[in-house]
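Engineer: Those protein sequence lines, which keep their order, are chains A and B. Residue numbering for the first sequence follows our numbering, beginning at 8 and increasing consecutively. Residue numbering for the second sequence follows our numbering, beginning at 3 and increasing consecutively. I am attaching a structure below and will ask some questions about it afterwards.
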Amino acid sequence: MNKPQVNSLVRAMAPAVLAFLFAQSAFAHPQKGEAVGFLTGFRHPISGLDHVLAMVAVGLWGAQLGSPAIWVLPVAFPMVMAVGGMLGLMGVPLPGIEYGIAFSAILLGAAVMFEVRPPLGAAAALVGFFAIFHGHAHGTELPPGQSALLYSMGFVIATGCLHALGIGIGTVHRWAWGQRLLRVAGGLVVMGGAFFMWKAVA
Amino acid sequence: MRGAAQSRLPLYAFVVFTFVMCALPAEAHLNSTGMGPFYDGLIHFLMSPEDIIPVLALALLAGLRGASYGRRALFTLPVAWLLGGLAGLSAVTAAPHPFIAAAWFLLLGGLLAADAKVSLRVTTALAALLGVYHGYLNGTGMGQFETAGVALLGLVFAVFVLIAVAAAFVVRLRKQWARIAVRVAGSWIAASGLLMLGWAVRTR
Numbered sequence: 008m009n010k011p012q013v014n015s016l017v018r019a020m021a022p023a024v025l026a027f028l029f030a031q032s033a034f035a036h037p038q039k040g041e042a043v044g045f046l047t048g049f050r051h052p053i054s055g056l057d058h059v060l061a062m063v064a065v066g067l068w069g070a071q072l073g074s075p076a077i078w079v080l081p082v083a084f085p086m087v088m089a090v091g092g093m094l095g096l097m098g099v100p101l102p103g104i105e106y107g108i109a110f111s112a113i114l115l116g117a118a119v120m121f122e123v124r125p126p127l128g129a130a131a132a133l134v135g136f137f138a139i140f141h142g143h144a145h146g147t148e149l150p151p152g153q154s155a156l157l158y159s160m161g162f163v164i165a166t167g168c169l170h171a172l173g174i175g176i177g178t179v180h181r182w183a184w185g186q187r188l189l190r191v192a193g194g195l196v197v198m199g200g201a202f203f204m205w206k207a208v209a
Numbered sequence: 003m004r005g006a007a008q009s010r011l012p013l014y015a016f017v018v019f020t021f022v023m024c025a026l027p028a029e030a031h032l033n034s035t036g037m038g039p040f041y042d043g044l045i046h047f048l049m050s051p052e053d054i055i056p057v058l059a060l061a062l063l064a065g066l067r068g069a070s071y072g073r074r075a076l077f078t079l080p081v082a083w084l085l086g087g088l089a090g091l092s093a094v095t096a097a098p099h100p101f102i103a104a105a106w107f108l109l110l111g112g113l114l115a116a117d118a119k120v121s122l123r124v125t126t127a128l129a130a131l132l133g134v135y136h137g138y139l140n141g142t143g144m145g146q147f148e149t150a151g152v153a154l155l156g157l158v159f160a161v162f163v164l165i166a167v168a169a170a171f172v173v174r175l176r177k178q179w180a181r182i183a184v185r186v187a188g189s190w191i192a193a194s195g196l197l198m199l200g201w202a203v204r205t206r
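Below, the structure is given as structure tokens:
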């Protein structure tokens, strides 16, 4: 092993040494599934491209519409999605979930592509309607043995982060080239939604 | 030089494994920091998201309403928490009810998201109820320890610090987007409460 390799190994080990210095005590009765619960919840919305497309599109559309839609839509979506998740957890059936999710990507992508500007209430209602399908899918697919609180928090925070990602990308709307770029991004979301609709039908 | 660098490796490895082998003993029910019961209670609060999040939501709500609301919550909540905890120390056992936990998330998160114009009296009542309920639950869990009273003080101190920092942080926010970000956090808390409610129904 030459000197640069040794140095890089030592540098790589330094954080591990520091981490071990602050080792926590072991607990006999931990809250079951806490860490796993948060990670499972956080990973759930970002693990499916159909969900990601729709949630990012909500942020893009909010950024296009400007204030107050830029924050009303990303607040409406997780709230109504949680209602859908609650229904899923309670075992209340909802027909056509996969179609609803794919259709949400198509419609929200089209709204971004054509820069549709409906009244705020109509935009929030549209976003909220489709959020129920996303939430229900997450609620019914929930694995057992997780911490309810941390799963829920991870799930909601990940959704919020996806909206924030959409809003962040949507800030390019202030420039002419950015407006064209957002429309192209909306078109890509429509194509993705169409693909998932085809998969759901096939 | 090369030899000197290589010769340090066993030393680093020795330090790492020494600390790994010196893990603290396992403790049931109350976290052990090794620094005494005061810090055990403090860490117990900081490791309990079901306690932290309602306190944070109340602090943010009080902060949004203004400095006088923040001050009221700052003193009401820890005192109520302490009283509830002292009552819980002498109680047998009490399990946290999942519906009530979800209801706190929904109520405080919803009020925060809506930027509800709650009165000072309502804020005080919410702080008192939250403190008594959560303090009582904490107290029942600690009652079996001789040093539970000191641990409870540490826990109440952590509540005081959290509400002071969070409320003071929000009180000084003037920009619209920053206040909206606080309300978005409230919507996330309320949404988590809805999911917890569904979970509670499912596992009942």
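Each residue gets a CB set at the ideal place from its N, CA and C atoms; glycine is no exception. Please read all numbers here as calculations on a predicted model, not as lab measurements.
1. If contact means a Cβ-Cβ distance below 8 Å, which residues of the segment 49 to 62 of chain A contact chain B?
2. Reducing DSSP to helix, strand and coil, say where residue 120/B ends up.
3. For residue 164/B, which residues of its own chain have a beta-carbon under 6 Å away from its beta-carbon, when the five flanking residues on both sides are left out?
4. In the structure shown, what three-state DSSP assignment does residue 148/B receive?
5. Please name the residue in 160/B, 197/B, 166/B and 162/B whose C-alpha comes closest to that of residue 155/A.
6. Below 8 Å on C-beta distance, what does residue 186/B contact in chain A?
7. Using C-beta distances below 7 Å, list every residue in its chain close to residue 198/A, excluding the 5 sequence neighbours before and after it, in chain order.
8. Out of curiosity, what's the CA-to-CA distance linking residue 15/A and residue 11/B?
9. State yes or no: is the beta carbon of residue 96/A nearer than 8 Å to at least one beta carbon in chain B?
10. Which first and last residues belong to the alpha helix (DSSP H) in which residue 107/A is found?
11. Let's see if you can read the secondary structure: which residues bound the alpha helix (DSSP H) around residue 148/A?
12. Please report the residue range of the alpha helix (DSSP H) in which residue 159/A lies.
13. Indicate whether residue 174/A and residue 73/A have their beta-carbon atoms separated by less than 8 Å.
14. Is it the case that the segment 114 to 121 of chain A contacts the segment 56 to 65 of chain A, given that we only count it when at least three CB pairs across the two stretches are under 8 Å?
15. What residue from 170/B, 167/B, 144/B and 191/B has the CA that sits closest to residue 42/B's CA?
16. Counting only beta-carbon atoms, is residue 155/A nearer than 8 Å to chain B?
17. Buried or exposed for residue 52/B, going by 16 or more other Cβ atoms inside 10 Å?
18. Looking only at its chain, what residues have a beta carbon closer than 7 Å to the beta carbon of residue 73/B, apart from the 5 residues adjacent to it on each side?
19. For the alpha helix (DSSP H) holding residue 75/B, just list the boundary residues, first then last.
20. Where does residue 83/B land, buried or exposed, given buried means 16+ other C-beta within 10 angstroms?
21. Determine, using beta-carbon pairs with one atom in the segment 167 to 183 of chain A and one in the segment 77 to 91 of chain A, whether at least three such pairs fall under 8 Å.
22. May I have the straight-line CA-CA distance separating residue 147/A from residue 133/A, to the nearest angstrom?
23. Are the CB atoms of residue 187/B and residue 88/B nearer to each other than 8 Å?
24. Does any residue of chain B bring its CB to less than 8 Å from the CB of residue 85/A?
25. Spatial neighbours of residue 71/B within its chain, please: C-beta separation below 7 Å, excluding the five flanking residues on both sides.
26. So is residue 48/B in contact with chain A if we call contact Cβ pairs under 8 Å?
Structural biologist: A quick look at the data gives this:
1. none
2. coil
3. 57
4. coil
5. 197/B
6. 78, 81, 82 and 167
7. none
8. 12 Å
9. yes
10. 104 to 120
11. Looking at the DSSP string, residue 148/A is not in any alpha helix (DSSP H), and its letter there is neither H nor E.
12. 155 to 177
13. no
14. yes
15. 144/B
16. yes
17. buried
18. none
19. 69 to 91
20. buried
21. yes
22. 22 Å
23. no
24. yes
25. 64, 122 and 125
26. no
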